Structures are given as structure tokens and as C-alpha cells.
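See structure below.
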Amino acid sequence: MHIKVSNAQLCTECDLDCIICTDIDGFEGNNGSDEMGSGPPSFCTINQHQMTWLGFIASSEDFSVDVVVGGCASGNLEVGLFEAIDCNGSTLISNCYGGSTGTALSSGETGTITANQDLVIGQYYFLVFDMTSGPPANCDFTLNVVSGETGAPDLIDPPVLEGPDAICDGESFTFIPDPIAGATSYEWELDGEDEGESEDFIFDQTEQGTYTICATPLNYCTTGLQSCTEISVGSSYDTTYYEQICQGDCILFEGEMFCDEEYEEFEYESFYGCDSIINLELTLYNPENEIDLGAFFICQGEELEVDDIDYYDDNDLSVEDETFEDPGIHFVDAFDENGCLYYTEFELNVLDIDTAQYEISICENEFYVFGNDTLEVGGEYCAINQSSNNCDSLTIINLIISSNFDTIIEQTICNQDSILFRDTTLTESGSYIFNLKSPFGCDSIFQLNLTNSDTIIIDRVESICSGEVLIFGDTTLTTEGRYENIISSPGECDSLEVLQLSIRENSDYYLSISICEGDSFSIASQTVFDSNLYEFHILNSEQCDSTIILELEVTSDIVEEYNFAVCTGEMITLGGIEYTEEDTYVLESQSFDGCDSTTILNLTVLETFSNNEHFSICENDSIFYEGIFYASNGNYEVPLLSQNNCDSIIMLSIAVNNHTESIISEERCEGDIYTFYNTNIDSSGLYSNVLTNHLNCDSTVYLDITFHANPITQIDLVQCIGDTVFFYGLELIQSGLYSGTDASSMGCDSTILLNLSFEEIVSSNMETYLCIGETFDFFGEEITEAGQYSEHLPSSSGCDSIVYLDAFFEDCNLYYSVEITDNQCFGDAKGIIEINIENGAFPLNVEWYQDLGSSEFLTLNEGDDNLILSGLSSTTYNIQITDRLGNSTNLNFDIQEPAILQADEVLSNYNLFNIQCFGDNSGSINIIPSGGTAPYSEVIWNDGVISNIREELFSGTFNYSFQDVNGCMFEGDIELVEPDSLSLIVDLDFFDPCDFSQFNFDTYAEGGFGNINVSIYQEPNHVIINEPTLPGNYSVVITDENGCNKTEYFMIPNNPDLIIDLGIDLTINEGEFIFLEPTSSLNIVEYSWFGDGHFELCQDCSNQDIQIFDDASISVVVIFENGCESQDEISINVIHPVKFFVPNSLSPLHNTNQYFNIFHSEDIILSEFKIYSRWGQLVFDDTSILTNNIESGWDGTVNGDYAEQGVYVYYILLEDMKGDSHVLTGNITLLK
């Protein structure tokens, strides 16, 4: 079968779209591509070109495919097999045909790609192709599978999911299906929801319930049958109780007592056998309650108050008031906010008052400053200061006044000797006086009495060890003392040697040392091992003999044996190691004295046992078993202590029986009695009685009873005095509360209450104030005059009542005064009309408007005396006031204002511009105020200047303001306009960048005002010209009608020096390297090299480093940075050296080296070839021999016979192609 696939199925990068799900045997394709493609880094190509990928599905573990290459368009085919899961990374898993291995496949060749590892059935792999050259290179190829199979396998069998029926929350289980051939992954679902694709599935749900897990096998091309399973999640809980206590206190929890910081865990078993845990985390408020506060210092005589110690306040601790003054360790109890006790201690140091005593010496007539005192008299003085420990210190000085004194020195010298004293050499006897400083620095006089004598005294001090001798003159000395010895000197004076001898004592030492058995002790350069008494001799610090007595004790090793028994699961710790299994253990360690110690542990492990107990209890009951109360369904492990003192386990099963309930509902009237299990009940409520059911557990009967109240109805009735009321057969004439009884709808009594009252006749007073001319309606009567009136009226209860009226009449005419405030500034709305109402008939309705504008209304009530209209603009206002009688008053008022405040602005003018030239400061402004109310303030400008006149201004906008006498403000903006900037462009275009003599010159000017004049000058003399023609510096000046100008400078350069130089022609030896680098006048941007020799040139390099064998010429063409071109050429003449080789022996009777000949370089002519014996006899002369030939030349014969063995001399004359002669001579040895 052949698969014909278009190139589109070959991808230029790793892509799952390139995978063929069917068999690739017979696949025909072409790897051509217009794109570079992206290949794996490990591909066996030198350079990646148009990389292409083809994917397939493996259906066997082995795989081998022939890649048959058809026709190729340029280049050869490269191919390899790669594993690239999800195209994340790639690994070569076969041999590789490629350029880097020299195995790329050409047209007509076949290469076999064989996997070097087992393939995963159902997994996809990629054949990767490339060409040894870039596009449009491509090859046709055919794939023939040699071994193994390809194509996605069918997934027939559903997966088998094995796992537990239930797990506990917090646990997880990984479902791994049994392998299915061809399945590379599984698609997972949890309760119908997609969970993604993977080889396994981790189930880790925590919510209690039953879940359905489904798995569907698949590979890239095929999806198999789905399989499902169920798993349940049981609940467990983990609860932690956090408790805190003071150190030393205890807490009872779950029947156990806890007294220290710890984390205790209690386990219970819940549904599905899941463990539930109750944790107790017990911490201490004061885990560290023994606190060393350190040291405190006080001075002698002071006290330390506990309240002054910062530690207690910083840590919120309370202490009792205490003081300490004695040195030593003190203890203080402190309590925190939780009442926990802290034991604190501190060291109290009492610092003494320092006393320092000094002796100070000064000379006569000097003084000494001590503290604030100046001392001149000898004696003892004291001062109190603060020492370094911050305590008082006492300083005492003893001041000594040193007198100036005289010293006499007696000195004897031999006759003819001399002495140097104070830089003076003395030889004669006599007295000499010198002025010196004493040891205290005081002036002193020294007198030297010098005597010439025949005897000189020499003092000598020596010491020896006890038992040694010293030879002194002719005497042997062994004891301390003073000794004299006279030494006679011929021709000189005698000398008296005086010796003071002392004796240094020897010393003895005793040492007691203990070492371990097997150790040693070294002393005095000796090492000892055994217990004994040793004596050693060394030198002591006086360098005298010292005896050391060593008592050495060797301590034997310690062996201890222990027997212990533990229960199963327990351990014993010995030497820091835990032991749990029954055995005999030997431990090696060191004892307290540092010697080896052996401990033998015989450990016995005792067994434990278990038993089952079952109990039934009622709901809310508990059972006390082995010190613990149990109240819930479940199985419990109860540890006990067996006869061998080991823990045993009782499996305790608790069954909790439910209690039963029933309810009775009843209704009764208030006052009835209901009996409920011997209990009389007379009020509504829920009652219960506990009985015993058939399980011997509580059975509760509830009574829900309602007592209906007897209804009470109250009637409030008011009658007039003298009336009679009939109520349940009674005639009532007095106020009071009366009752009667009826039957209610519930059959209970209903009580009717009558609240009866009798009213008297009621009277009331009223008064009214009226304006003269007004009327008042008093119950239908028109009141027009002042007076008192009355009227009888029935009340709400039907009883009569009397109303009294007092009427008053007064003058209600309108009286007022007016105050007008005009506007101070033109256009203001600050005018005020204030009307003071002195009399009127309130309320007053006010309507006002300005000119013919819209009206506004307001009302003035009694007490509103002032009518103020503010914020008024300048105009005429009409005000109409109408009182409550309908009388109207019309008022007209005018609000005045001054003339408008304004300014005349006088600006500078340059042909309609305010600035003469662009950018200069020729502008000016003069502000002349008018209007408003004079006088006016000076003008204030936005830049802070205060003046009516501004000069030397640049263009721009200027803000100014001024005020009149009323404070009215005028603000103005002035813009000073300048002409456009003069613009000048000098256009100088050179026709040839390498030739500046031909150019086009133009100028472009704009801006300014009016016509622009253009002038051209030659610099530096500034001579006006018509047109620039020669190289040099020039300027162009333009001027507008305002006299503004602008100057631009330009230059016409000289033609550039286009110099390129490769140097002088060269003559070199054959094969010599030359380095060529052109020098130039400008920067070079491009190089092109040419040559006629047998060598390669770097075409675009800046230099050449090449080897020359023959005559040659090399040229370079360069382009400079200005675009100009130049070239240079160099000739190289090569000298070919003549090379020779002449053997120094021949062996005519052997198979090799049978001829003597010359070997030389080419183009050499042989002129003479002669051989001589040692005695000068010519034995061979022939120029026809073939040089450079091992089978031609002298064969070692003379006249047909082999010459004698020995040394011969050769003479050879050669001529080269240049006609130069070369003579070669030397010795040759003939061997037989």
C-alpha cells in the first residue's frame, strides 16, 4: 500500500498536526519547504535549512524503516528518528543520516533508520528531515517499514480500576489502571466532570460522600472504552484545644491531668473507620519563670529600690516595694497579669568611694594646681571628685617642695688616664663645678673632686647555684660574701677587684598524676606508662638544679552490667541510644575520670495482651471505664496495666440506645386545675414526665397545655352631672368603676368593666387684636368695637360650656424709614435698599422689581421689622407693600454707580509690529487710566513691576491692573507682536562629491517685514561679491525693511586628497608571507582587492596577510567615507632559492643506496659530476647521469670493478636558470 501525502502534511516545526494515524509503510513525500523550519538541536546536520517533521503512531516496540531517496534538487537528504512528547524537547532515538556524520543520502540511495530503544505502543514519534543545502533544495523519498508496525492500535478492552471502597477525608488514593496495549494516557472524569488527561489519577476529595471515577484509555489517534468505579469519603475531624496555665499549675483534660507544656493527641474512630483526633496544646504563660536580671551597682551609702528596675515595668510584672543596700545575690517574687509567679534574682554590687594618694614634688619658688587651688606650700591636700564608677572619689596629695642642692662626686683615675664629665675631658686632679638639673628638675650644683691614683677599684657582682664553686683570683668560692683581689699591671696603676657573690637556691617539686590504662605521661623529655614513683632533674627559673618527684597512678577500665525489662513497644535509653528489642548490648564510653568504661545491658521484652468488652447505655448517659467516661457509639482501645506491669488493650464497644418521646395537647380556662402524672397544673406551658421504655431507657411524655384567660372589656363613659346610667340592673349617678359578667366563645367567663365619670360645665377665655376698621366674627356676631363678649356652647359630652372674648382695636397704618447704599464700581451688584418698618398691619406682602424686570415676592410677619434688599445692580427699583387689610404702598428708589473704569494703551509701533525685529526687546507700553473715581493707583504688572510706562520689552502677553480710589479694579491684557524670524538658507550643491569646483549656489530668505535685501561677502575681509566661485569662506547677509538682519556662513572646500598607498614594490623569497594594509588620507568604508597570483584574497577586508610563491601584482580599489574612489597597485618579485641534497654514503652491494647522486630543486643544469679518491685520483666523471634519480649516478665501480671500501671526495658543479653557478664538494663513504 502506498500513501501519497502532500507536502502540507510535513510540518516545518514539531507539531501534532503532522502525525499520521495510519500505517506509514509506503509513504511518499518531499521535504521541500520555502521556510527555514525549526529542528531538534541534536539533529545530525551541519546547518539547519528547511527542517520538516513527519509523525506516526508506533504499534510495536521494535521499529526499522528504509528511507528510499528519489530525485533530489540540489543537496542530499538528512533524516533521523526523534521522540518529542507534546513537542516539549526532543531526543534522537536512532541512527542519523546527516552532513555532520558524512552520511547524508543522495539521489537513488537508501538509508535504514532503526530505533535504538523500545518504542511505546500507541505513542507518537517523529521522522525529521533536512537538506545539506538551503532552499530550493529538496528530495523525493519513500518510507518502507522493514520491521515493526505503525498506525494507531485499536483500544478494545476497558481499563480495570482497582482501589479501596472508602478513604478518610485528608487521605488520597492514586488510581493506576492495568496497562492496556496501545493506550498512552487516560481521560479522567469525577462525577461527570472532566479532570484532564494523565496516566494515573489522584483522588483527594475531602467532602464526605460517594464519588464516581471514570477512566477512558486513549492515544493521539484512538479513544477506547470507558470504565468507572465508586469510592466513598468518610469524615474525620482534628480539633485542637488551646489552653494556657501558669508554671506549677495543672489542668484536667479527657480524664488526665496535665501540668507542663506539651501537645497531647487523643484518637477516636469515626464512620468508615476514619480516625478522629482531639488535640490538647498546653502552653505556659511563664515557661521561663526563673530570671537572672544581672548585676546592679550602687555607691556606698545608697539603696536600690525594686520599683526602679526597668525590667519589671518593661515586662508588665508587679512586685512589692522593697529596697536593698547590702551587696550579694537578692531574690524578688514578681507576678504577671495572669497571676503567674516569676522568680527573679540579681546581684547587687556596692561600690566603695575611691581613695587615691599621690606624692607630688616641685622645686622651690614653683606652684602646683590641685583642683581649683594653686599650691605653693608643702603639705597634705585632699579633693572630692566623681570617679569612673560614678561614685564619689577622694584624692589626697602630699606636696613636697624640693630644694635646689649641691652634689659632690669623688672620682679616682690612674695617672696619665682621663675622664669625660659633662662633655669635658679631665686628666688633672682637682675640683670641677657644673650647674645641672636635679632628679626633680630643680637647679643643682655638681662638684667633681678628681684624684689621680696608682690604684683603681673595680666592682663585680656574681651569683652561683647552691653546691657550685666560683674561681676568684687564686681563691675557690662556695659561699655568699664580699671578696677583694688586687691585680698588678706593669707600667700602669694597680686595680682592686671587689666581688659581691650571691648563692641561687636549687628547688624540689612533687606531682601526683592519674592516667587511664594504656595511656602515657611525658615530663622532662621522658615518657612513663606504669604506676610508680619517679624522680626527674631539670633546671629551675634560677637556672639551678630542680628535682621533680612524680607519683603516677594508672586507673583501670570500668565494666558495669545492667538488667532491664520493658514492655512490647516501649524502649530504654542508655548512653543516648534507644533500645526496643530483647538482646544483650555492650556500650563503650568514658567514665568520669576520662578512662574507658564498658556497660553491658541485658534487655528483656515483656508481652502485652488484648480483650473485648461490650456495653449498652442510654442516650445522654455515660459509662465510667478504667478512669474515663464514655458516652458515644463506637469502638475504643483502653490501655490497662497487666500483671507484668505492661500495657494491655481492652477493645471497648459502646452501643447508645435512643430514648422515646410523646406529646399531649390540652386547653383549659383560667382558674381550672389539670392533673398530669400526679402533678396539678394551673398555668399554660410545656410540661414533661420521664418514664422507662422497653430498652430501660428514658421515655419522655410532654404536655402542651393552654389556659385561656377570662376576657375583660372596659367601657369609658362620660355623663353630665345630674344624668342617670343603667348597667346590669344598676342605676348609677356617681363616678366610679363598675363590673358585670358574660360567657365568652371559649366557654370561659367574660368581665365587662364600666369606667363612669360625670363632667361639670366648662368655661374658656380668648382675646384678639384688630386694626381700626376691621371686624371679627364671634360665633356669628360681628365685633367692630373694643370690649368683652361671651357665648354658651355644648361640650363634646353634651354638657354646656362658656367662651369669653376680649377684643382690642389699634392703629395699623404703615410707617417706615429708608437707607440707600449705592454701588462703588461700575457694573457692581452690591447696592443695598434697607426699609425699617416702624408700624403696620402684619403680615406685610412685599413685591419688588427693577425697571420692567420680573417681580420677586416675600412676606414680613409680626416682628420682622427690617426689609433688606442686597446685591443690587445700578438701576431703578419699585417696591409695593400690602398689609393684611389690603392697603398698598408703592415706593421707587435708584441705585447709582460711577462711570466705567478703563485705560488707554499706547504701544510701540514698527510698521504695524510692536517689536522691531524678531527676538529683540524694542517694545514699549504706556497705560493712561480713565473713568471710575479718580485718583488712580500705579499700574501693577504680572512680572511684579509697578509703573504706568514699560520699555525694553520682548514680544509676548503682558497682564496689568490698577485701582481707582473706590478700590475698583481694572485688568487688561496686552500682546506685543513681533515679525516672523528672518530665515536664511544657503544651498550649496556639489555636482561631484569628489570634485568641489563644480557646484550650484542658491539662497532662500523669508520672514521679517517687507522686502528682503541679500548680500554676499568673501571672508575674512568681508568684501561684497556677486557669486562665489573659488574655494574659501563666505557669508550671506539679509536685511528687511525694519532694518533686521541675519547672517549665514558657508565654505567651498578644496578638492579632497584621495590618496591610497600600498607601499613600494616588494622583492621576497619564495613562500614568504606579506602583510598589505593601505594608508589613506581619508577614512575608507569599502575595499575591493584584485591579484594575478596563485593565492586567495579577502575581497572586502581592510588588509591582506598572504603567502606568495611566484611573482605577482596586487591592487586594491577603495571607497572613502565621502563616496570617492581611489586605487593603488603593488608588484611582488619572488626569489626562488636553489635547494640541494647530497648523500654521504653508498652501498653498491646492497639492495638500497646502490648509487651516489645529487637531488636538487627544479630548473637546475648539471655541469660537472666528479668523484676522487682520497689521494686525488679521478675515479668517476659523468655529466649525463639523471639527477634526482636513485637508480642513476656513481655505482661504486672503477673501470668495471667495485672500488675499495673507504672515503671518497665529490665535486659537483650546477647552474640555475639565472646563470648562477653552484659548487658542491664533500666526502662520501663507500660501504660493502
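Residue 1020 is where the sequence shown starts when you use the working numbering, and the numbers rise one by one after that. Glycine residues also receive a C-beta, built at the ideal position from the N, C-alpha and C atoms. None of the values given here were measured: they were computed from a predicted structure.
DSSP three-state assignment for residue i, whether helix, strand or coil
i       : result
Cys1688 : strand
Gln1227 : coil
Gln1738 : strand
Ile1683 : strand
Gln1519 : strand
Cys1106 : helix
Gln1028 : helix
Cys1233 : strand
Asp1549 : coil
Asp1036 : helix
Tyr1979 : strand
Leu2232 : strand
Gly1398 : strand
Pro1509 : Its pLDDT being 49, under 50, Pro1509 is placed unreliably in this model, and the coordinates cannot settle the point.
Own chain, CB closer than 8 Å to residue i, minus 5 neighbours either side, in chain order
i       : result
Glu1881 : Phe1861 and Pro1862
Ser1550 : Leu1571, Glu1572 and Val1573
Tyr1868 : Ser1874, Glu1875, Tyr1896 and Asn1897
Whole-angstrom distance between residue j and residue i, CA atom to CA atom
i       : j       : result
Met1020 : Asp1044 : Note that Met1020 has pLDDT 26, beneath the 50 cutoff, so the model's placement of it is unreliable and no number is given.
Ala1027 : Leu2095 : For Ala1027, the predicted model reports a pLDDT of 40, less than 50, meaning its position is unreliable; a value from the coordinates is still stated below. One C-alpha to the other measures close to 54 Å.
Asp1732 : Thr1770 : For the record, residue 1732 in the displayed sequence is Thr; it is not Asp. Their backbone Cα atoms lie some 6 Å apart in a straight line.
Ile1734 : Arg1687 : 27 Å
Ile1416 : Val1369 : 26 Å
Asp2239 : Phe2188 : 17 Å
Ile2138 : Gly1056 : 39 Å
Tyr1693 : Asn1677 : 30 Å
Gly1255 : Tyr1330 : Sequence inspection shows Ser at residue 1255; the Gly mentioned does not correspond to that position. So the two alpha carbons sit approximately 47 Å from each other.
Gly1938 : Leu1995 : 12 Å
Phe1389 : Gly1313 : 39 Å
Ile1636 : Asn1697 : 29 Å
Pro1196 : Thr1231 : 15 Å
Gly2245 : Gly2112 : 39 Å
Thr1495 : Leu1489 : 6 Å
Ser1421 : Cys1484 : 44 Å
Thr1241 : Asp1173 : 7 Å
Own chain partners of residue i with C-beta closer than 6 Å, once the 5 adjacent residues on each side are dropped
i       : result
Gly1510 : Low confidence applies to Gly1510: its pLDDT is 48, below 50, so where it sits in the model is not reliable, and the reading given next is rough at best. So the list is empty, once near-sequence residues are dropped.
Gln1843 : Asn1985
Cys1030 : Cys1037 and Trp1072
Gln1227 : Val1252 and Ser1254
Ser1166 : Asp1081 and Ser1083
Ala1650 : Ser1641
Contact with chain B by residue i, beta-carbon distance below 8 Å
i       : result
Thr1694 : Annotation note: the requested chain B is absent from the structure, which comprises a single protein chain.
Same chain, Cβ closer than 7 Å to residue i, five either side skipped, listed in chain order
i       : result
His2155 : Glu2089
Leu1910 : Ile1898
Ser2192 : Val2198 and Tyr2227
Using 8 Å as the Cβ pair cut-off and three pairs as the minimum, do the stretch 2066-2080 and the stretch 2137-2151 touch? Contact between the stretch 2066-2080 and the stretch 2137-2151 is present: 3 or more CB-CB pairs across the two stretches fall below 8 Å.
Whether or not the stretch 2053-2062 and the stretch 2019-2032 are in contact is what I'm after, with contact meaning three or more pairs of Cβ atoms, one per stretch, closer than 8 Å; do they touch? Touching, yes, given that three or more Cβ pairs across the two stretches are closer than 8 Å.
To test your reading of the DSSP string, which unbroken beta strand (DSSP E) runs of 3 or more residues are found completely within the stretch 1136-1200? Given a length threshold of 3 residues, each whole run of the beta strand (DSSP E) inside the stretch 1136-1200 is given here in chain order: 1143-1150, 1157-1166, 1185-1187 and 1192-1194.
Count the C-beta pairs between the stretch 1628-1645 and the stretch 1669-1683 that are closer than 8 Å, then say yes if the count reaches three, no if not. Taking one beta carbon from each stretch, the stretch 1628-1645 and the stretch 1669-1683 have 3 or more pairs nearer than 8 Å; the two touch.
Write down every uninterrupted run of the beta strand (DSSP E) in the stretch 1275-1359 whose length is 3 residues or greater and which is fully enclosed by it, in chain order. The qualifying runs are 1275-1277, 1281-1288, 1294-1303, 1309-1318 and 1347-1354.
Measuring CB atoms only, is the stretch 1232-1240 touching the stretch 1169-1188, in the sense that at least three cross pairs come out at less than 8 Å? Touching, yes.
Touching or not, the stretch 1692-1712 and the stretch 1722-1731, by the rule of three or more beta carbon pairs under 8 Å? Output reads yes: the stretch 1722-1731 touches the stretch 1692-1712.
In chain order, which continuous runs of the beta strand (DSSP E) of length 3 or greater are located wholly inside the stretch 2022-2056? Taken in chain order, the unbroken stretches of beta strand (DSSP E) that lie wholly in the stretch 2022-2056 and span 3 residues or more are 2032-2038 and 2042-2044.
Could you name each continuous beta strand (DSSP E) segment of 3 residues or more that falls completely within the stretch 1806-1869, going from the start of the chain to the end? Listed in chain order, they are 1806-1813, 1819-1829, 1834-1840, 1850-1858 and 1863-1869.
Evaluate contact between the stretch 1295-1302 and the stretch 1258-1278, counting only Cβ atoms and requiring at least three cross-stretch pairs below 8 Å. Output reads yes: the stretch 1258-1278 touches the stretch 1295-1302.
So within the stretch 1862-1929, which uninterrupted beta strand (DSSP E) runs reach at least 3 residues, ignoring any that extend past its ends? Here the runs fully enclosed are 1863-1869, 1875-1879, 1885-1891, 1895-1901, 1907-1913 and 1921-1926.
Give a yes or no on contact between the stretch 1261-1270 and the stretch 1197-1212, applying the rule of three or more CB pairs nearer than 8 Å. The answer is no - the stretch 1197-1212 does not touch the stretch 1261-1270, with fewer than three Cβ pairs under 8 Å.
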